[in-house]
Amino acid sequence: MPAVGKSFIANETAKILKVAIVRKDDIYECIHSEINTEENRNGICYNIIYKIIETNLLSDTDLIIDCPFKDHKELKKLSSFIAERNGQLKSILCNCSDM
223 MPAVGKSFIA NETAKILKVA IVRKDDIYEC IHSEINTEEN RNGICYNIIY KIIETNLLSD
283 TDLIIDCPFK DHKELKKLSS FIAERNGQLK SILCNCSDM
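Under our numbering, the first residue of the sequence shown carries the number 223, and numbering increases by one thereafter.
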């Protein structure tokens, strides 16, 4: 969901850990006018993010990924991708609730 605190948590965590952040929204904004459909833009964004993750795993560096995942299947795919490259994924679930 939008506006549940993902970017806020990513920013604060990055400050504490001194780690770079990759934001899907930043990539999306850069390609928005060049790619004609939302589905294609999202696909390209995720492909770029996977490539950045792979590069960072090869360099043995930490990285924060500020990116929504629609379902557990997508998160499991990412976790497997990282584990196959001897990395470790630690995810934070942001839920929105009206209290």
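Note that CB positions come from ideal geometry on N, CA and C, so glycine has one too. Note that the structure is predicted; figures quoted are calculated from it, not measured.
Using alpha carbons as the reference points, say which of the options lies closest to residue i.
{"i": "Asp248", "options": "Gly227, Arg307, Ile287, Thr277", "result": "Ile287"}
{"i": "Arg307", "options": "Lys292, Glu261, Asp282, Phe291", "result": "Asp282"}
Take residue i and list the residues in its own chain whose beta-carbon comes closer than 6 Å to its own, dropping the five residues that flank it on each side.
{"i": "Asn278", "result": "Leu285"}
{"i": "Val163", "result": "No information on residue 163 is available, as it lies outside the stretch 223 to 321 that the chain covers here."}
If you follow the alpha helix (DSSP H) that residue i is in, where does it begin and where does it stop?
{"i": "Asp293", "result": "Neither: Asp293 is in no alpha helix (DSSP H) and is coded neither H nor E."}
{"i": "Leu311", "result": "Careful: Leu311 lies outside any alpha helix (DSSP H) and carries neither H nor E."}
Identify every residue that forms a DSSP beta bridge with residue i.
{"i": "Ile243", "result": "Ile286"}
Are residue i and residue j touching if we call contact CB-CB under 8 Å?
{"i": "Ile304", "j": "Ile270", "result": "no"}
{"i": "Cys289", "j": "Lys237", "result": "no"}
CB-CB under 7 Å to residue i, same chain, minus the five flanking residues each way: which ones, in chain order?
{"i": "Gly182", "result": "Any question about residue 182 goes unanswered here, given that the chain covers just 223 to 321."}
{"i": "Tyr250", "result": "Arg263, Cys267"}
{"i": "Ile314", "result": "Ile231"}
Between residue i and the rest of its own chain, which residues show a CB-CB distance below 8 Å, the 5 nearest in sequence each way excluded?
{"i": "Ile253", "result": "Arg263, Ile266, Cys267"}
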